[in-house]
Amino acid sequence: MGNKISYIRGEQKRIAVMVTKKFRKYYLTGGTALAFYFAHRFSEDLDFFTQEYKKEEPEKIIDFISNETGFNFKLDAEQDDPKLIPMKVYFLELKKGCVLKIDFVQDFQKNIKGIKNGMHSVEDIYYRKMSIGTRTAGKLDIIGKEIPAGRQSVKDLFDIYYLSKHYRPLSDFFFEYFSYDKAEGLIAWYRGFNRMDLKVGLLDLVPKVNTGEVIRYLDSEILKKLPEKLI
Numbered sequence: 040m041g042n043k044i045s046y047i048r049g050e051q052k053r054i055a056v057m058v059t060k061k062f063r064k065y066y067l068t069g070g071t072a073l074a075f076y077f078a079h080r081f082s083e084d085l086d087f088f089t090q091e092y093k094k095e096e097p098e099k100i101i102d103f104i105s106n107e108t109g110f111n112f113k114l115d116a117e118q119d120d121p122k123l124i125p126m127k128v129y130f131l132e133l134k135k136g137c138v139l140k141i142d143f144v145q146d147f148q149k150n151i152k153g154i155k156n157g158m159h160s161v162e163d164i165y166y167r168k169m170s171i172g173t174r175t176a177g178k179l180d181i182i183g184k185e186i187p188a189g190r191q192s193v194k195d196l197f198d199i200y201y202l203s204k205h206y207r208p209l210s211d212f213f214f215e216y217f218s219y220d221k222a223e224g225l226i227a228w229y230r231g232f233n234r235m236d237l238k239v240g241l242l243d244l245v246p247k248v249n250t251g252e253v254i255r256y257l258d259s260e261i262l263k264k265l266p267e268k269l270i
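For my numbering, add 39 to where a residue sits in the sequence shown, where the first one is 1.
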């Protein structure tokens with residue numbers, strides 16, 4: 040398994056450099072970009088974002104990748120509903136029985152920092168990870184609070200933990216970019232994780248990780264320090 044992960048990581052880096060050098064409007068973001076910075080976990084895909092998405096470009100790029108690497112590909116999904124974010128998802132067939140998922144996505148959010156070496160800045164990735172936890176469904180619960188609507192992904196939560204502990208504390212970073220009312224959304228989002236499922240998910244994601252330490256740290260940052268700044 041370790042050899043396969045090393046192989047996939049190598050191909051991810053090779054393809055990321057290949058794409059961002061030739062198609063400069065596209066940049067790598069998400070968990071894989073963060074893993075390139077910190078090597079904190081394994082991420083299975085490549086997420087390429089652009090502020091200037093054109094429907095025909097993803098196919099042009101994936102053809103380029105296939106021609107340069109010799110790997111076959113197939114289109115897995117396409118989102119072209121004008122009400123939703125335009126994107127295309129491909130699977131690239133690597134060697135050793137490995138498959139790499141590659142997403143091309145229209146980016147509607149303004150970048151905080153400039154793109155460097157074809158990648159989002161750590162700050163931009165952090166901001167977007169936090170944004171997931173602040174989304175609401177536009178509905179209220181029985182006590183009149185907005186219901187969180189952000190996806191509850193262990194990957195996102197672990198990335199937030201790592202960024203908070205090794206880059207900048209969440210309780211400091213949050214209020215530089217988000218309003219006070221958004222803090223309640225993040226707290227509700229975090230509380231929505233089932234603790235047992237979270238521990239299992241963390242161990243699946245990062246074997247041998249100290250799940251108790253991760254959860255205690257996040258409890259302190261999100262459930263203690265963040266609310267203290269609301270007072």
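Positions of the beta carbon are idealized from the N, C-alpha and C atoms, including for glycine.
Within the same chain, VAL128 come within 6 Å of ALA116 by CB-CB distance, once the 5 residues on both sides are set aside. Non-local beta-carbon contacts of LEU202 in its own chain, meaning distances under 6 Å to residues more than five positions away in sequence, involve TYR165 in chain order.
Contact between LEU257 and ILE226 does not hold, since their C-beta atoms are separated by about 11 Å, which reaches or exceeds 8 Å. Counting only runs of 4+ residues, the alpha helix (DSSP H) found wholly inside the segment 124-176 occupies 161-173, in chain order.
Shortest Cα-Cα distance from GLN148 to any of ARG167, GLU252 and ARG63 involves ARG167. Boundaries of the alpha helix (DSSP H) harbouring TYR76: 69-77, taken from the DSSP string.
Listed in chain order, the non-local C-beta contacts of LEU244 below 7 Å within the same chain comprise ARG80, VAL193, LYS194 and PHE197, local neighbours out to five positions each way being set aside. Remark: C-beta atoms of GLU95 and PHE112 do not approach each other more closely than 8 Å. Within the segment 84-122, complete beta strand (DSSP E) segments of at least 3 residues are found at 84-89 and 111-118, given in chain order. CA-to-CA, the gap between ALA55 and GLY157 works out to about 8 Å.
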